[in-house]
C-alpha cells in the first residue's frame, strides 16, 4: 500500500494443506481465466483445506486444484498424475501440465477432473478413464522433470518457436518437445536438447517465458539434486547458491516491460492477443482487476465480435468481460459456432462460469456433438452444472 514493493499486510485465505513432504507443498500457483487461481500438490502430502468461509475439503495426494482469490472456494480438479512441476497456459486458453517421473507424460493437456495415472490412482472414480500416455516412444531421462515453457510463435525464430521446453535437473539439461495436433489430442516429437551443460551444479528446476519475450530458467545450482539418496546434512548440499538465466535468440531485442498497473485501459486493450503471451496475459489480468469502464467494455465487446482479430485477442477480451461481470451470454453464444475450437471452448467456459443458463441450454446441448473433444467436454461439464 505504501508503494515500497514489499507486502504491507498478510491475509490467510486457505489453511490445512499437508506438510508431510516439504518438496511437495502446494506449487504452480497460476492465475487462470474466469476469476480462478490454480495450484498443484505433490504425491505424499495430504490435508483438509479450509476456505475463508470455513468450508473443509479433503485434498489428498497429487492433484490440481482451483480457488477463488478471496479464498471463498477451493476445489480439487484432477486425480494425479505423479508430481506436477510444470504448467503452461497459452494465449488461447489451452492448459498443459507435466508429470515429473518420466512415465510418458512430459507434457499433456490439462482437463479439469481428469484422471492422470501415477501416484493417486487409488483415488480415481469409477467413471474416470485414465489419460493416455503421451510419449510412448521416448523418454526424457531422469525422474524429476521440473518445469515447462512454451516459446512464443512469431517471436522466437523458426524451429525454436512453438516448442515446449522441459526443465530436467537430473540430467542438467533443458529438453525440447514439439506438439503436433492430431484429432482431439497431440502427438509429441522429441527434439534435440535445447541446453546441455557439463557443469554438474546446473539444475534447471523451473522456467517461464517473460513479458519481454525471453525465456527465464531458474537454476538451483547444486551438486546434489535428490532428496532421497544423500543425507540432508551432507556437506555437498549447497544451500546458498542459485541463478536465474535469461535466454534469448541471437540478435533478439527484448520487448520493454512496463508497469502494467500504470498503463491506460486503452493501452492494455491494445496488448491483448500480443504475440508475447506473458505480455498479453498481464494485460488481461490488469484489466480484469480494474472496475469496468463503459468505453473499455464497448471496445472489448467489439474485439470479441471481430472475426478478423486473432483467436487469442478475442478470447482474452472475453475473459476480461466475464471477470467484469458483464452479461456475456448472448455474446458467448454467438461464438459457439466459431471455426476456431479454442474460441468455442472458451465461449462455453464463459457461459459455464458466468452465464444465465436457461436461454443458452439448447445451444450448448448441440455442442455435445462438436468435432473437438475439448469443446464437447466443456459443454458436458457446463450442462451438468446448469440448473436448466
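Numbering (the numbering used here), first residue to last: 334 to 721.
C-beta: ideal position from N, C-alpha, C; glycine also.
What you are looking at is a predicted structure, and each value in this text was computed from that prediction instead of being measured.
Residue i versus residue j: straight-line alpha-carbon distance, rounded
i	j	result
residue 362	residue 516	30 Å
residue 339	residue 573	23 Å
residue 597	residue 464	43 Å
residue 625	residue 532	51 Å
residue 648	residue 679	7 Å
residue 349	residue 490	46 Å
residue 374	residue 715	26 Å
residue 360	residue 440	17 Å
residue 609	residue 582	14 Å
residue 510	residue 675	22 Å
residue 695	residue 466	35 Å
residue 638	residue 664	8 Å
residue 717	residue 697	11 Å
residue 534	residue 485	29 Å
residue 536	residue 455	32 Å
residue 684	residue 670	14 Å
residue 650	residue 428	18 Å
residue 627	residue 659	11 Å
residue 629	residue 657	11 Å
residue 590	residue 645	20 Å
Collapsed DSSP secondary structure at residue i in the structure displayed
i	result
residue 570	coil
residue 680	helix
residue 515	strand
residue 387	coil
residue 593	helix
residue 687	helix
residue 503	coil
residue 647	helix
residue 523	strand
residue 606	coil
residue 598	helix
residue 425	coil
residue 653	helix
residue 357	helix
residue 634	helix
residue 374	strand
residue 544	coil
residue 381	strand
residue 675	helix
residue 335	coil
residue 709	helix
residue 622	helix
residue 587	coil
residue 479	coil
Buried or exposed (CB count within 10 angstroms, at least 16 for buried), residue i
i	result
residue 614	buried
residue 487	exposed
residue 460	exposed
residue 567	exposed
residue 380	buried
residue 586	exposed
residue 561	exposed
residue 334	exposed
residue 426	buried
residue 405	exposed
residue 447	buried
residue 387	exposed
residue 342	exposed
residue 631	exposed
residue 687	buried
Whole-angstrom C-beta distance between residue j and residue i, which should lie under 8 Å
i	j	result
residue 542	residue 483	7 Å
residue 445	residue 423	Between residue 423 and residue 445 the Cβ distance is about 16 Å, and since that is not below 8 Å, they are no contact.
residue 430	residue 395	Wrong, their Cβ atoms sit about 11 Å apart, outside the cutoff.
residue 554	residue 570	That belief does not hold up - the Cβ atoms of residue 554 and residue 570 are roughly 12 Å apart, past 8 Å.
residue 480	residue 413	Contact doesn't hold; Cβ gap of about 19 Å is too wide.
residue 702	residue 681	Contact doesn't hold; Cβ gap of about 13 Å is too wide.
residue 378	residue 336	That pair is no contact at about 37 Å.
Cutoff 6 Å; reference residue i; Cβ partners in own chain excluding five residues on either side
i	result
residue 607	613
residue 563	557
residue 390	382 and 407
residue 654	633 and 661
residue 508	473, 499, 501 and 526
residue 530	505
Close-in-space but distant-in-sequence residues of the same chain around residue i (CB under 7 Å, 5 per side omitted)
i	result
residue 520	513
residue 475	435, 501, 503 and 504
residue 579	547 and 549
residue 539	479, 480, 500 and 551
residue 706	517
residue 699	none
Close-in-space but distant-in-sequence residues of the same chain around residue i (CB under 8 Å, 5 per side omitted)
i	result
residue 469	437
residue 376	354, 357, 394, 395, 415, 416, 451, 452 and 453
residue 370	362, 363, 364, 399, 400, 401 and 402
residue 619	593, 594, 596 and 601
residue 458	412 and 448
Any non-hydrogen atom of the ligand ATP within 7 Å of residue i CB
i	result
residue 629	The ligand ATP is absent from the structure shown, which contains no ligand whatsoever.
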